[in-house]
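In my numbering, the protein residues as written are 356 to 425.
Note that beta-carbon positions come from the ideal geometry of N, C-alpha and C, so glycine has one too.
Everything below concerns the one structure shown next.
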């Protein structure tokens, strides 16, 4: 997802689909439901208008959000 400096969601992109439209939409819905994220600190906002945050979502019996390590 891409966040604007004011904490609003700029974009939600699914790089690799689950193959199920309902699960892909669930991820988008979760991001939107949690929207209005905190605004960037002033020193970060001075440098960036938008920040991209990448996450790996795994759906199983329970929903897990894992930070992508790269």
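Output the distance between the C-alpha atoms of residue 354 and residue 385, rounded to the nearest integer angstrom.
A query on residue 354 cannot be resolved here, the shown segment of the chain reaching from 356 to 425 and no further.
Contact check, residue 365 vs residue 405, beta carbons under 7 Å:
Less than 7 Å separates the beta-carbon of residue 365 from that of residue 405.
Could you name the residues that DSSP lists as bridge partners for residue 357?
For residue 357, the pairing in a beta bridge is given by DSSP as 366, 407.
Contact defined as beta carbons within less than 8 Å: I believe residue 391 pairs with residue 362. What is the distance between those atoms, to the nearest angstrom?
Right, their Cβ atoms sit about 6 Å apart.
Best match in 360, 359, 358, 383 for proximity to residue 411 [C-alpha to C-alpha]:
Sorting 360, 359, 358, 383 by C-alpha distance to the C-alpha of residue 411 places 383 at the top.
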